[in-house]
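Right, one structure below, let's go through it.
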Amino acid sequence: MFALVDCNNFYVSCERVFAPQLAGKPVVVLSNNDGCLISRSDEAKQLGLKMGEPYHLVRPLLEQHRVQVFSSNYALYGDMSRRVVQVLSGFTPGVEVYSIDEAFLDFGGLRLVEKDLLAYGIRIREAIARATGIPTCVGIAPTKTLAKLANRRARLHGTHGVLLLETPAQWRAALAQTPVGDLWGVGRRYARKLTEMGIATGQQLADLPEPWLRRHLGGVVGQRLWRELHGQPCLAWNPAEWADDDHLAPDAASRHSVTCTRSFGRPQREEAALREALATFAAKAAEKLRRHGLAAHLVTVILGTDRFAPAVGPATHTAVVSLPTATQDVALLTRAVLRGLRQLRRPGVAYHRAGVLFSGLEPAGKAQLGLFAGTAADQQRSQQLMTALDKLNARFGRQTVRLAAAGVGKQPDGQPTPPAWAGRAAYRSPLYTTAWHELWTV
Amino acid sequence: MLASLHGFIAAAHLTTRELPLFGCPIPAGFPSPADDHLDAPLDLTRHLFRHPASTFLARVSGDSMIGAGIHPGDLVAVDRALRARDGSIVVAVVEGEHTIKRLQLRAGLPWLVAENARYPPLAVDRDLGLAVWGVVTHVIHALAPEGAGSGPWAAGR
């Protein structure tokens with residue numbers, strides 16, 4: 001049996017934990033760069049505010065109804081997510097983190113010990129609410145696809161936000177009330193195609209023979225979907241593995257690339273600003289590489305012009321630099337990124353976003369030594385330097401130690417100057433749980 | 001130089017899983033006689049965060065709990081998973097704001113009481129579960145003021 005636990009209106013819920021006066025009030029959270037709505041409280045949903053609506057378009061409505069607006073505070077949400085997952089892992093060893101606010105639990109042989117899975121689900125929900133203040137819903141079923149379905153329906157049809165679909169009759173009844181496009185694994189294109197064929201509900205889809213799904217829904221993917229809908233689990237299971245400091249280390253082998261991209265608060269033309277931005281992104285992405293124990297061969301630099309301006313040619317430009325040996329050393333990776341930038345940048349053009357993508361990944365330390373790669377002693381020094389860098393940044397704060405290329409300005413309070421290219425975050429709440437200088441105050 | 005920097009960081013940031021590599025990275029010279037007897041240095045976080053998922057750190061503003069040894073500017077560890085009892089120091093939500101007070105049962109009714117005569121006790125007027133955010137488990141009070149000039153390595157000594 002599997003459970004899918006997801007947090008209700010997660011970003012808003014995180015804000016409410018530290019701002020209890022917002023309970024019962026309409027609240028929204030904006031995306032990166034304060035672009036659009038990415039989380040809404042129930043009260044905000046009732047006002048007709050839709051997911052993804054651009055902020056500047058709904059601003060009059062928000063002001064009219066005195067909706068509380070927050071910029072995204074990912075440091076906070078990431079920390080709260082970590083705590084929720086920690087609570088979950090107390091209920092079962094098999095936890096697969098699906099996204100920042102959803103996780104699958106593999107109950108495995110739990111049935112032998114816990115006869116009443118519904119009660120167990122309710123205990124999970126209460127434990128999360130107690131430990132973190134985050135409200136959740138739980139769906140429990142024999143497969144991940146059905147668990148996701150159960151979770152979706154848990155709010156309205158569950159008991160205290162928990163829904164158990166144990167028997168074929170139960171999950172068929174649930175499927176009968178679910179539009180086929182709402183099933184996990186049926187994308188918009190397939191949903192349209194199916195509805196045109198007269199297959200409107202999940203039950204109608206499940207009633208078709210397995211070979212039909214195989215033929216019409218993408219081969220083995222369709223076949224897996226049929227089995228999942230019939231209570232036969234066959235999707236891959238990627239459990240979290242606890243690494244240092246209780247940080248999750250998602251299955252490293254499945255990563256194909258590590259990226260860091262951002263939209264700029266204001267379009268940037270100057271080489272110096274672009275260099276600083278890209279060096280910062282390179283540092284963040286290199287840190288991600290090291291955290292997952294990976295090294296990269298290929299460095300892609302991405303620059304984007306205004307997507308919405310009528311223009312000739314594509315809005316996104318890339319340059320790829322290939323390295324003689326895979327590395328996770330920030331200095332080597334940054335040098336490659338800046339080389340790529342020099343090739344890519346056209347003078348006078350205003351860029352709206354930039355990023356780096358490291359690919360050609362392999363486990364660090366297993367890289368084949370190239371002729372020109374430097375000696376083993378150099379590699380050991382580089383590794384020691386990177387370890388020290390990561391530990392200092394973990395202890396004293398992100399970006400405490402970095403290459404000068406990533407920017408050196410400091411404000412009077414000792415914090416690094418926000419760079420010219422940084423995105424807008426006009427309404428961000430304090431970093432309540434992750435920064436000493438913005439700690440929650442009581 | 002690099003070897004000594006690495007040594008410092010390794011000592012300061014140990015997890016309880018690792019044993020420190022105090023052995024010299026260059027395989028020449030004498031091994032330390034202490035190498036076989038090393039214990040991991042004490043980890044304060046394990047002591048403070050008995051329940052890491054539900055424990056939050058907060059900074060205290062105000063002097064309402066000064067009688068309990070909790071001063072403005074102190075750090076407190078607040079655990080949401082503990083049940084508040086008569087006499088627990090808690091972080092409570094009063095009129096939408098967080099406040100740190102002692103929970104007391106008076107004639108069976110819950111009150112939030114300050115440890116400073118200047119602050120009157122408050123009756124808890126709603127569900128205790130809603131009013132109590134978490135239980136304060138530890139307070140960290142710095143005896144010397146933080147900042148430059150307070151360490152033995154400060155300039156001018």
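Sequences listed follow chains R and B, in order.
All residue numbers for the first sequence refer to the working numbering, where the first residue is 1 and numbers rise by one.
All residue numbers for the second sequence refer to the working numbering, where the first residue is 1 and numbers rise by one.
Even glycine gets a Cβ: it sits at the ideal position worked out from N, Cα and C.
Using DSSP with H/G/I as helix, E/B as strand and the rest coil, what is R:K25?
coil
Only counting runs of 3 or more residues, tell me where the beta strand (DSSP E) segments fall wholly within the segment 61-139 of chain R, in order along the chain.
68-71, 94-99, 102-106
Short Cβ contact (8 angstroms threshold) for B:L109 with B:L122:
no
What is the residue span of the alpha helix (DSSP H) that R:T334 lies within?
330-344
Take B:S61 and list the residues in its own chain whose beta-carbon comes closer than 7 angstroms to its own, dropping the five residues that flank it on each side.
P72
Other residues of its chain near R:E438: CB distance less than 8 angstroms, five sequence neighbours each side excluded
P430, L431, Y432
Once the 5 residues before and after R:Y11 are set aside, which same chain residues still bring their CB inside 6 angstroms of it?
V29, S39, Y77
Let's see if you can read the secondary structure: which residues bound the beta strand (DSSP E) around B:A77?
75-79
Residue-chain proximity (B:A81, chain R), Cβ-Cβ < 8 angstroms
yes
Just to confirm, are B:K101 and B:S64 a CB contact at a threshold of 8 angstroms?
yes
Could you name the residues of the segment 41-69 of chain B whose beta carbon sits closer than 8 angstroms to any beta carbon of chain R, in the order they occur along the chain?
H51, P52, A53, S54, F56, L57, A58, R59, V60, S61
In angstroms with no decimal places, state the Cα-to-Cα distance between R:A243 and B:D125.
Its pLDDT being 37, under 50, R:A243 is placed unreliably by the model, and nothing is read from it.
Report the three-state DSSP secondary structure of R:R215 (helix, strand or coil).
helix
In the DSSP assignment, what are the bridge partners of R:G304?
R:T316, R:R353
Host alpha helix (DSSP H) of B:S54 (start-end):
Run containing B:S54: none; DSSP gives neither H nor E here.
How big is the Cα-Cα spacing for R:A147 and R:A296?
36 angstroms
Identity of the residue in R:G133, R:G161, R:R82, R:R402 nearest R:Y120 by Cα:
R:G161
Would you kindly report the start and end of the unbroken alpha helix (DSSP H) that includes B:A92?
Run containing B:A92: none in the alpha helix (DSSP H); it sits in the beta strand (DSSP E), 89-94.
Nearest neighbour of R:A406, chosen from R:R153, R:A285, R:Y351 [CA to CA]
R:A285
Tell me which residue opens and which closes the alpha helix (DSSP H) that R:T280 is part of.
271-291
R:S263 beta carbon less than 8 angstroms from that of R:R353:
yes
Burial state of R:R266, where buried means 16 or more other Cβ atoms lie within 10 Å
exposed
Give the residues from the segment 18-46 of chain R that approach chain B closer than 9 angstroms (Cβ to any Cβ), ordered along the chain.
F18, A19, P20, Q21, L22, A23
Since R:L439 meets chain B, which of its residues come closer than 7 angstroms, beta carbon to beta carbon?
L57, A58, R59
For the segment 122-134 of chain R against the segment 84-92 of chain B, do three or more pairs of beta-carbon atoms, one drawn from each stretch, fall closer than 8 angstroms, so that the two count as touching?
no
Between R:T145 and chain B, is any beta-carbon pair separated by less than 8 angstroms?
no
Could you spell out the range, first to last residue, of the beta strand (DSSP E) harbouring R:F2?
2-7
Let me see if you follow: with CB-CB separation under 8 angstroms, is R:S195 close to chain B or not?
The sequence shown places Thr at residue 195 of chain R, not Ser. Not an interface residue.
Which residues in the same chain as R:N8 place their Cβ atom closer than 7 angstroms to its Cβ, once the five residues preceding and following it in sequence are excluded?
P135, T136, C137
When DSSP builds the beta bridges, which residues end up paired with R:K50?
In the DSSP output, where bridge partners are listed per residue, R:K50 has none listed.
Just reading off the beta strand (DSSP E) that B:E97 is part of, what are its end residues?
97-106
For chain R, check one thing: does any of its Cβ atoms lie closer than 8 angstroms to the Cβ of B:E159?
Outside the modelled stretch of chain B, which goes from 1 to 157, sits residue 159 of chain B, for which no answer is possible.
In terms of residues, what are the limits of the beta strand (DSSP E) holding R:C14?
Premise fails: R:C14 lies in the alpha helix (DSSP H), 10-18, not in any beta strand (DSSP E).
Report buried or exposed for R:D329, applying the criterion of at least 16 other Cβ atoms within 10 angstroms of its Cβ.
buried
So B:V136 is in the beta strand (DSSP E); what residue range does that whole segment cover?
132-140
With three or more beta-carbon pairs closer than 8 angstroms as the criterion, would you say the segment 299-306 of chain R touches the segment 384-394 of chain R?
no
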